[in-house]
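Colleague: Mind having a look at this structure? Questions to follow.
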Amino acid sequence: MRRSAATIGGFVLALGMTAAGSAVAATQRADTSATASVSAQSCEPTKEIHVHHNAAGLRYVECHRTSGGRRQSSVALWLWDNKTDGKCASGYVAIGDQWGHSWAWCSTREHSPKLISGWHNGSDAHVYLTLT
Numbered sequence: 009m010r011r012s013a014a015t016i017g018g019f020v021l022a023l024g025m026t027a028a029g030s031a032v033a034a035t036q037r038a039d040t041s042a043t044a045s046v047s048a049q050s051c052e053p054t055k056e057i058h059v060h061h062n063a064a065g066l067r068y069v070e071c072h073r074t075s076g077g078r079r080q081s082s083v084a085l086w087l088w089d090n091k092t093d094g095k096c097a098s099g100y101v102a103i104g105d106q107w108g109h110s111w112a113w114c115s116t117r118e119h120s121p122k123l124i125s126g127w128h129n130g131s132d133a134h135v136y137l138t139l140t
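Numbering (the numbering used here), first residue to last: 9 to 140.
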């Protein structure tokens, strides 16, 4: 009788592991199909903007992808403030009709850390640089 209980217990444990494995596999399949609607991203060459005889600079990379049938854009940028005049380099990014964000950097010792817009619906990003 003890042997039967151990055998039954082993069978239940194996059945539970199989069910857990099936659940993990189903989750992985669901995750794969969810990401299948996002196309590979493509990025344009790095571009630079300078204002007021290089008093400020902005370097950026614009990338595109399609997600859920919608074209999306993202921008990674770095700001430079090259002149100790009390003004700051201010970058602004607009993507589509719904999203825009600005960043400012005032240190003349080094450029800003990498600033990333994230993905937003819109086929193009508009990038601006001013001194404020």
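Yeah, the Cβ is synthetic: ideal placement off N, Cα and C, and Gly gets one too.
Model, not experiment: these values are computed from the prediction.
Can you grab the Cα-Cα spacing for the pair Thr-73 / Glu-56, in whole Å?
Modeller: It is worth fixing the name first, because residue 73 is Arg in this sequence and not Thr. Cα to Cα, Arg-73 sits roughly 22 angstroms from Glu-56.
Colleague: Ser-81: buried (16+ other C-beta within 10 angstroms of its C-beta) or exposed?
Modeller: For Ser-81, the number of other beta carbons within 10 angstroms of its own is at least 16, and it is reported as buried.
Colleague: For the beta strand (DSSP E) containing Gly-65, list its first residue and its last residue.
Modeller: 64-75
Colleague: Got a sec, what are the start and stop residues for the beta strand (DSSP E) Ser-81 sits in?
Modeller: 78-89
Colleague: Taking the beta strand (DSSP E) that His-134 belongs to, which residues open and close that run?
Modeller: Unbroken beta strand (DSSP E) run through His-134: 133-139.
Colleague: Compute the distance between the beta-carbons of Trp-111 and Gly-130, then report whether it is under 7 angstroms.
Modeller: no
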